[in-house]
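Student:
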Amino acid sequence: MRPTSPPLLPPSASLPPLRGNGGSLKESAILKALGNLFSIYYPPSPTTIPKSILYEAAANIKSKAYKMPAISRVAASSQIPDSGYSSPGYVSENEDDEDDDGESELELLRRDEFERSFTTRWLEKFIARASDEGDEVMMAIFESEESRTRVVERAADLLTALLNPELLTEEQSPSTGPGDGDGDINGDLFCREMKFDLSEEAMQQRPDQEKTIAIKINDGLAGSSSSADHTDVGVQTWGASIVMCQMMCDAPSRFGLDRGQLDDSPRIVELGAGTGVVSLVMAQLLPRYLGVQNPTLVATDYHPGVMTNLRGNIAMNEDYTAAPVHACTLDWAHPELLEQQMDWPLDQMHGYGGCADMLVATDVVYEKEHAALLRGCAARLLAPGGTFWLLQTVRSNGRFGEYADAVESAFPMAGVGELQDDGKNSLKILEAERLEKRSGVGRGDETFYRLFRIGWA
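The working numbering puts the first residue of the sequence shown at 1440, with every later residue one more than the last.
#1: Excluding sequence positions up to five away, which residues of its chain have a Cβ less than 7 Å from the Cβ of ARG1892?
#2: Do you know offhand how far PHE1887's Cα is from LEU1597's?
#3: Where does LYS1471 sit, in a helix, a strand or coil, going by DSSP?
#4: Tell me the DSSP bridge mates of GLN1831?
#5: Determine the contact status of THR1651 and VAL1717, defining contact as a CB-CB distance below 8 Å.
#6: Evaluate the contact criterion for the region 1758-1767 versus the region 1717-1732: three or more CB pairs, one atom per stretch, below 8 Å.
#7: Residues in its own chain within less than 6 Å of CYS1816 by CB, not counting five upstream and five downstream?
#8: With DSSP collapsed to three states, give me the class of ASP1697.
#9: Does the beta-carbon distance from THR1714 to LEU1736 come in below 8 Å?
#10: May I have the straight-line CA-CA distance separating LEU1813 from ALA1845, to the nearest angstrom?
#11: Between the C-alpha atoms of GLY1528 and ALA1452, what's the straight-line distance to the nearest angstrom?
#12: Out of TYR1481, ALA1690, ASP1647 and ILE1566, which one is the CA nearest neighbour of ARG1545?
#13: Cα-Cα, which of TYR1741, GLY1751, GLU1808 and ALA1810 is closest to LEU1777?
#14: Would you grab the beta carbon distance between LEU1548 and PRO1449 for me? Rounded to a whole angstrom, and I think it's under 8 Å.
#15: May I ask which residues mark the beginning and end of the alpha helix (DSSP H) holding CYS1684?
#16: Looking at the secondary structure, which residues open and close the alpha helix (DSSP H) in which ASP1647 lies?
#17: Taking 8 Å as the cut-off, decide whether the C-beta atoms of VAL1833 and ARG1877 are in contact.
#18: Just curious, the alpha helix (DSSP H) that MET1746 is in, first and last residue?
#19: If we count the other Cβ atoms within 10 Å of its Cβ and call it buried at 16 or more, is ALA1849 buried or exposed?
#20: Could you have a look at LYS1655 and say whether DSSP puts it in helix, strand or coil?
#21: Identify the continuous alpha helix (DSSP H) that holds GLU1585 and give its terminal residues.
#22: Taking ALA1795 as part of the beta strand (DSSP E), name the residues at either end of that continuous run.
#23: Quick check: what's the CA-CA separation for GLU1872 versus GLN1831?
#24: Taking the alpha-carbon of VAL1708 as reference, which of MET1852, ASP1796, GLY1573 and GLU1466 has the nearest alpha-carbon?
#25: Throw me the rounded Cβ distance for the MET1578 and GLU1585 pair, which I believe falls under 8 Å.
#26: Using DSSP's beta-bridge definition, name the partner residues of ASP1782.
#27: Under a Cβ-count criterion, where at least 16 other Cβ atoms within 10 Å of its own Cβ denotes burial, should PRO1734 be classed as buried or exposed?
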């Protein structure tokens, strides 16, 4: 018997009203309400809520293109049974208390369709208002722009899971490893399986292989750490990495991932690898399908908690990957320190024009200074003739909107400017392409993506 503290309240009895001028609404009340919802629908166990699922409801509500179905209780004969209690009067004093059928009251509350629908409507309205910078009343609720963005993102994570219940599987289970050591992310990590379909091009050399690449990762919620450190965004898989993986599986030759453009032992470094999804997919794609037998794949990041999770993800996939993935800590401000690391698997770097045949990075630029640091790091790592593939997520609204042109500011287009990185050449954008959002991928604040091919010019 393990009592919950504070007791869980049904959403219909605990969520603060959003109507009217909201003068009495406080940020603390919103956080408390979201905490209650996460305790109900996003507990540490036994279910998992996948992340990085597209959420469009807020934008649709603003454009009045979305109509929420009417809330109604589900009859006992329906697919989701009625809980049998009166929602406004329900308080879960002990989540282990069970009814006659062996289900706990918390499980019944979690499955109650009335409460789920009520929660969905409330979250949609809250995100729509909190995302509208013209809503002065709602803006006044939050202590800062940063806190508003973090609260909206947390609400969006929960809502996307509620809108996609079919993505919950019995095979997904809580993480019991990477969150327990140094750089703990409060254990808020969940194991999920990700699958990427392979095109005919990718299957051309090995038609006998499986037509899907599957990896398992411990995924988390960025910003869930109790500390004031908000640089743990890498514990969460973001939409850009999923888009990059699928593009590589759709058209590997587009990225030079074939024997015609790579030798048998290419050196590939992922910058800001986060959960390691891109590196783990390439560890299967290159040797198993494309005939590149001996790639050296290095997944790099910096935050201690992210590195702990990254190493755990690599270990969890050792039985599936056909090539090893190395995890190395990399400070973009001091890439030269890699030469002193015992675990750095590539050749020694000699000034600018380094040792990697290919660099890959997805959704790693959140400020203009990030792009400047990224340029210096890439110049140190990328070998002559190498290619840097950078997929930028553009968030037109909110605090990241002003950084939409950060990559172009740091990396000029080929034929423009005289900036030199190695005394003779400079890293420049050789090709840029806008990519629209893919259905079912990414977060609601993601507007579109930009794919950059960067190289020495």
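All residues carry an ideal CB built from backbone N, CA and C; glycine is no exception.
Tutor: According to the data block:
#1: Residue numbering aside, residue 1892 sits at position 453 when the sequence shown is read from its first letter. Closer than 7 Å at Cβ, skipping near neighbours: THR1826, TRP1828, LEU1869 and GLU1870.
#2: Residue mapping note: residue 1887 aligns to position 448 of the sequence shown, counting from 1. Residue mapping note: residue 1597 aligns to position 158 of the sequence shown, counting from 1. Computed Cα separation, rounded: 22 Å.
#3: In the sequence shown, the residue the question calls residue 1471 occupies position 32. Here LYS1471 sits in helix by DSSP.
#4: Residue 1831 sits at position 392 when you count from the first residue of the sequence shown. Partner(s): ARG1889.
#5: Position 212 of the sequence shown, counted from the first residue, corresponds to residue 1651. Position 278 of the sequence shown, counted from the first residue, corresponds to residue 1717. The Cβ atoms of THR1651 and VAL1717 do not sit closer than 8 Å to each other.
#6: Contact holds between the region 1758-1767 and the region 1717-1732, because three or more Cβ pairs, one in each stretch, are under 8 Å apart.
#7: Taking the first residue of the sequence shown as position 1, residue 1816 is located at position 377. Excluding sequence neighbours, CYS1816 sits near TRP1771 and PRO1774.
#8: Translated into the one-based positions of the sequence shown, residue 1697 becomes position 258. The answer is coil: DSSP assigns ASP1697 none of H, G, I, E or B.
#9: Here residue 1714 refers to the residue found at position 275 when the sequence shown is read from its first residue. Here residue 1736 refers to the residue found at position 297 when the sequence shown is read from its first residue. No, the pair does not count as a contact, with Cβ atoms beyond the cut-off.
#10: Position 374 of the sequence shown, counted from the first residue, corresponds to residue 1813. Position 406 of the sequence shown, counted from the first residue, corresponds to residue 1845. As the crow flies, the alpha-carbon of LEU1813 is around 11 Å from that of ALA1845.
#11: Start at 1 with the first residue of the sequence shown, and residue 1528 comes out as number 89. Start at 1 with the first residue of the sequence shown, and residue 1452 comes out as number 13. Because GLY1528 sits at a pLDDT of 32, beneath the cut-off of 50, its placement in the model cannot be relied upon, and the following sentence gives the value as read from the coordinates. Their Cα atoms are separated by approximately 8 Å.
#12: Within the sequence shown, the letter at position 106 stands for residue 1545. Correcting the residue identity first, residue 1545 is Leu in this sequence and not Arg. Of all alpha-carbon atoms in TYR1481, ALA1690, ASP1647 and ILE1566, the one lying nearest the alpha-carbon of LEU1545 is that of TYR1481.
#13: Along the sequence shown, one-based indexing puts residue 1777 at 338. Of TYR1741, GLY1751, GLU1808 and ALA1810, the residue nearest in Cα terms is TYR1741.
#14: Here residue 1548 is taken as the residue at index 109 of the sequence shown, counted from 1. Here residue 1449 is taken as the residue at index 10 of the sequence shown, counted from 1. Confirmed, about 6 Å.
#15: The residue labelled residue 1684 in the question sits at position 245 within the sequence shown. Element bounds for CYS1684: 1678-1689.
#16: Your numbering for residue 1647 matches position 208 in the sequence shown. Looking at the DSSP string, ASP1647 is not in any alpha helix (DSSP H), and its letter there is neither H nor E.
#17: Taking the sequence shown and counting its residues from 1, one reaches residue 1833 at position 394. Taking the sequence shown and counting its residues from 1, one reaches residue 1877 at position 438. No, these two residues do not count as a Cβ contact at 8 Å.
#18: If you number the sequence shown from 1, residue 1746 lands on position 307. Segment 1743-1755, the alpha helix (DSSP H) holding MET1746.
#19: Locating residue 1849 in the sequence shown gives position 410, counting from the first residue. Its Cβ being crowded by 16 or more others within 10 Å, ALA1849 is buried.
#20: Mapped onto the sequence shown, residue 1655 falls at position 216. Three-state result, LYS1655: strand.
#21: Indexing the sequence shown from 1 puts residue 1585 at position 146. That run of the alpha helix (DSSP H) goes 1584-1601.
#22: Numbered from 1 along the sequence shown, position 356 holds the residue referred to as residue 1795. Where ALA1795 is concerned, the enclosing beta strand (DSSP E) stretches over 1795-1801.
#23: Taking the sequence shown and counting its residues from 1, one reaches residue 1872 at position 433. Taking the sequence shown and counting its residues from 1, one reaches residue 1831 at position 392. Taking the straight line from one Cα to the other gives about 10 Å.
#24: Working through the sequence shown from its first residue, we reach residue 1708 at position 269. Comparing Cα-Cα distances from VAL1708 to each of MET1852, ASP1796, GLY1573 and GLU1466, the minimum goes to ASP1796.
#25: One-based indexing of the sequence shown puts residue 1578 at position 139. One-based indexing of the sequence shown puts residue 1585 at position 146. The pair is not a contact, with the Cβ atoms about 13 Å apart (cut-off 8 Å).
#26: Locating residue 1782 in the sequence shown gives position 343, counting from the first residue. Note: ASP1782 sits in no beta bridge, so no partner.
#27: Against the sequence shown, residue 1734 aligns to sequence position 295. If you draw a 10 Å sphere on the C-beta of PRO1734, you find 16 or more other C-beta atoms in it, and that means buried.
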